[in-house]
Structure formats: C-alpha cells, structure tokens
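In case it helps, our numbering puts the sequence shown at residues 776 to 1132.
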Amino acid sequence: MKKKRFGLSMSLLLTAGMLLGGCGQAKEEPKKEEGKASEFSVAMVTDVGGIDDKSFNQSAWEGLQKFGEENGLKKGKGGYDYLQSQSDADYATNLNKLVRNDFDLIYGIGFLMTDAITEIADQKPDNKFAIVDSVVEKPNVASITFKEHEGSFLVGVVAGLMTKTNKIGFVGGMEIPLIEKFESGFIAGVKAVNPNATVEVQYAGAFDKADKGKAIASSMYASGIDIIYHAAGATGNGVFSEAIDLKKQDPNKEIWVIGVDRDQYEEGKVPGTDKSVTLTSMVKRVDVAVYDLATKTKNGNFPGGQAVEYGLKEDGVGIAPTTKNNVPEDVLKKVDEWKQKIINGEVKVPTSRAELK
C-alpha cells in the first residue's frame, strides 16, 4: 500500500491499521454481476477428435464462437476459448486449467469426457460445467443430449431411396451405446422405405483414425456398396477421402457419403469439379445447444443437475440444407413426411439394436 499524507500522527495510523487487522477483513474484490455479458466467460475442452474434425468438436466451437462474438467477448482468458485434447489423459488436466483461469462455464465436448467431468465437478462444486453427449448427475453439471436416432432415420430414408445397388454401409467410430443410436436409427430409416436393402456395419474403434476410415470405405465400395453413412468423427474424413479418390479415377462412378453432426457438403467436394460426393448430412446442432446453454447460464438460468435433450421437434437434429444439391425433390418430400410422423409420435425410432429387432 502506498503512503498517503493526511496530516494524521503516526500513532493514529498505526492504531487504525491494528483495528482493521483485528477485524480480519480485507478489501473484497467486486463480484461479477450475474448475467452481465462483459464479465461472463465460457470455454470448452475438445475430445481427441480435435477442433478441426469437421464434425462434432468443430460444431461445438462454432456455437461457442457465435456466443462470444454476439456478446462482445474476446477469445482467450476472460472471454471464450478452448483447449484441445491429444489423448484422454488430457481431459482432466485441461478442465482443471480452465477452472484455474476462472471461466464461468466449462464444457466437456463428447461422452469420452464423462469420467473427467464427474471427477472435476466433485472437486470443484462451486464451478459450473456442461457435458455434451452424456449425462452426469451432479448439481453443478448440465448435460446436453440429442436424439441422434431421429436424424439418422431421415438420412436412412434418403439412402434407402437413392441406392442403386441396394447395398449400403455404416461406419462407426467406437462401438458404444451412443453410436449405436446412429446405427439403429439409420438402419430403421433404410428399411422403412427399402426392405430389400442391406446395411453393412463396421466400427473403426476410434474417432481420430482417418486412415482406418479410408480402409473400411475402400473395402465397402469395392464390395458394391454405393452409399456410406459415417458416425465416426475425424475417422470419417477417411471415408470422404476414399470416395473422392474413387470419383476422381472414374467421374461416372455413383458412390456417396452421408456426413454427420454438421453439414459436410464441402468435405465431399471433388477437386477440379463443382461436384460433391456428399449425398446428405445428419446435422446434429451441437452449435445450437452450446450457444443455447451458454445464453441460459449467462442469464442466470444454469440447468445444473438436468439433462437437456434436443431432437427433431426442437430442431436439434435433422438433414443439411445442401441435401437438395444431390437429392431430388420427390425424395425430399418423402423425408419430410417421415419427419412429421416422428414429430407427431406416429413412428418410434429405435435407439439400439435390441429395439431395431
């Protein structure tokens, strides 16, 4: 503390200092005014797919960027930011780093972060966390889930009506209940409109192995499969790569990829042409959910201890707008019909293989 000359005797100053010290009250830092955007900060930790996976993590980051920009926040500490995880060993470390940097809301992106969020939420009960694609029953954790099976049913309808060989493929990342929702909904959609079609299912065992995705796609296309739906994060980039390579070798070859989580039309672009091998994409609006929850929390409405689910009815899942580029109008009309049946409760979409049977 700097000395100030007020004309008081040294004894008075010392007495005042002792009185203040005896009270044990230091000057308090002003508290953040809840709901004030300029003093609200938010950040996220990616899973191993990374921020540029052209899928799940990227969509989440886009939602966070939109929130930050619309609320006048700057990227970095005190605004909005992200930390990228190279392996699952980074999850808890990255979450703790964001806690130390005093972010008001911290997202864990992806079910792979369930254990880390659970652990850190227990250790830091005064901090607010959110997890995407999992449910953590803690009062300081909000859980975001989606009805992926509903959106997958719709792209299954597209695949079932568009296949020329009646052979369709599904490439999953890890064989877990979450990805089984994509698989089951997709197969149900295919079978609803084309009972004669078969769907071959393969799992890569990871969400960050593009080379594995490319190898699986190569085998599937060689077997006569003409449409592959991937729910594999960055592993799905290899599916696109293989389809593009085959299309470059033979421009007349009719093969397609169905993207996931975000509109992946651009990922399917064939160099030197105006064509894309992306037939459609199952859009999972992670960006909408991340933006929505951040807004709720900033306004003092953090849904801690609750699971917020987004489906067709909530516009949380659906098909990409670019679907019209490669899918004819009559097929799109059929998709809309099935969408309304699901929203109205006329069709119950399976969430697992057991329900599919």
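Idealized CB from N, CA, C, for every residue including glycine.
Predicted model only: the values in this text are computed from it and were never measured.
Check: Out of Met937, Glu844 and Met949, state which residue places its alpha-carbon closest to the alpha-carbon of Leu887.; Outcome: Met949
Check: Pull up the distance between the alpha-carbon of Ile895 and that of Leu1087, whole angstroms please.; Outcome: 32 Å
Check: Compare the Cα-Cα distances from Ser994 to each of Val976, Ile919, Gly851 and Ala818 and report the closest residue.; Outcome: Val976
Check: Label Ala801 either buried or exposed according to how many other C-beta atoms from any shown protein chain fall within 10 Å of its C-beta, with 16 as the threshold for buried.; Outcome: Note that Ala801 scores a pLDDT of 38, beneath 50, so its modelled location is shaky; the value from the coordinates is reported in the next line. Ala801 should be labelled exposed.
Check: Taking only three categories from DSSP, how would you classify Ala1129?; Outcome: helix
Check: Taking Cβ to Cβ, would you say Asn1012 is nearer than 9 Å to Lys829?; Outcome: yes
Check: Run the CB neighbour count on Lys852, radius 10 Å, all protein chains shown included, and call it buried at 16 or more, exposed below.; Outcome: exposed
Check: Taking the CB atoms as reference points, tell me whether Thr893 and Lys872 lie closer together than 9 Å.; Outcome: no
Check: Specify, as a first and last residue, the run of the beta strand (DSSP E) that Gln977 falls within.; Outcome: Thr973 to Tyr978
Check: Taking the straight line between their C-alpha atoms, what separation do you get for Lys811 and Thr1072?; Outcome: With a pLDDT of 43 at Lys811, under the threshold of 50, the modelled position of that residue is not reliable, and the figure given next carries that caveat. Cα to Cα, the separation comes out at about 11 Å.
Check: Would you mind listing the beta strand (DSSP E) stretches within the segment 895 to 956 that are 3+ residues and don't spill past its ends, in chain order?; Outcome: 903 to 907, 916 to 921 and 942 to 947
Check: From what residue to what residue does the beta strand (DSSP E) around Lys1050 run?; Outcome: Looking at the DSSP string, Lys1050 is not in any beta strand (DSSP E), and its letter there is neither H nor E.
Check: Could you check whether the segment 862 to 881 touches the segment 837 to 846, counting it as contact only if at least three pairs of C-beta atoms, one from each stretch, sit closer than 8 Å?; Outcome: no
Check: Quick test of your reading: Ala1018 and Ala997, contact by CB under 8 Å. State the CB separation rounded to the nearest angstrom.; Outcome: Contact doesn't hold; Cβ gap of about 12 Å is too wide.
Check: Ignore the nearest five residues each way along the sequence and tell me which others in Ser959's own chain have a CB closer than 7 Å to its CB.; Outcome: His924, Pro1125, Thr1126, Ser1127, Arg1128, Glu1130 and Leu1131
Check: Following the continuous beta strand (DSSP E) through Leu1021, name the residue where it begins and the one where it ends.; Outcome: Counting along the chain, Leu1021 falls outside any beta strand (DSSP E), though it belongs to the alpha helix (DSSP H) covering Gly1011 to Gln1024.
Check: Which residues mark the beginning and the end of the alpha helix (DSSP H) in which Glu837 is found?; Outcome: Phe831 to Glu845
Check: Nearest-angstrom Cα distance between Asn915 and Ala891?; Outcome: 14 Å
Check: Drop a sphere of 10 angstroms on the beta-carbon of Ala864, count the other beta-carbons inside from all chains shown, and report buried for 16 or more, exposed for fewer.; Outcome: exposed
Check: In terms of DSSP beta bridges, what is Lys1059 paired with?; Outcome: Val1092
Check: My guess is that Gly999 and Lys942 are in contact by the Cβ rule of under 8 Å, so how many angstroms apart are they, rounded?; Outcome: 5 Å
Check: How would you write the range of the alpha helix (DSSP H) that Ala818 sits in, first residue to last?; Outcome: No alpha helix (DSSP H) contains Ala818, which is instead part of the beta strand (DSSP E) from Val817 to Val820.
Check: List the endpoints of the continuous alpha helix (DSSP H) containing Ala1006.; Outcome: Taken as a continuous stretch (DSSP letters only), Ala1006 belongs to no alpha helix (DSSP H), being part of the beta strand (DSSP E) at Ile1002 to Ala1006.
Check: Please go through the same chain and pick out, in chain order, the residues whose beta-carbon is closer than 7 Å to the beta-carbon of Glu1121, but skip the five residues on each side of it.; Outcome: none
Check: Please list, in chain order, all residues of the same chain as Pro1078 whose beta carbon is under 6 Å from its beta carbon, the five residues on each side excluded.; Outcome: Ala917
Check: Okay, do the segment 925 to 937 and the segment 964 to 973 touch, 3+ Cβ pairs below 8 Å being the bar?; Outcome: yes
Check: Following the continuous alpha helix (DSSP H) through Glu1112, name the residue where it begins and the one where it ends.; Outcome: Glu1104 to Ile1118
Check: For Ala972, which option in Ser909, Lys939 and Ser862 has the closest C-alpha, if you only look at C-alpha atoms?; Outcome: Lys939
Check: Between Phe957 and Gly947, how many whole angstroms is the CB-CB distance? I'm expecting something under 8 Å.; Outcome: 7 Å
Check: Short check: CB of Ile919 to CB of Ala1064, under 9 Å?; Outcome: yes
Check: Assuming the contact rule is C-beta atoms closer than 8 Å, Asp1062 and Ser834 should be a hit. Round their C-beta distance to whole Å, please.; Outcome: 5 Å
Check: Skipping 5 residues on each side, what residues in its chain have a beta carbon closer than 6 Å to that of Gly838?; Outcome: Asp1062, Val1065 and Tyr1066
Check: If we ignore side chains and look at the alpha-carbon of each, how far apart do Thr986 and Thr1010 end up?; Outcome: In the sequence as displayed, the identity of residue 986 is Asp instead of Thr. Taking the straight line joining both Cα atoms gives about 7 Å.
Check: Leaving out five residues on either side along the sequence, give the residues of the same chain with a beta carbon under 6 Å from the beta carbon of Ile1118.; Outcome: Leu1087 and Lys1088
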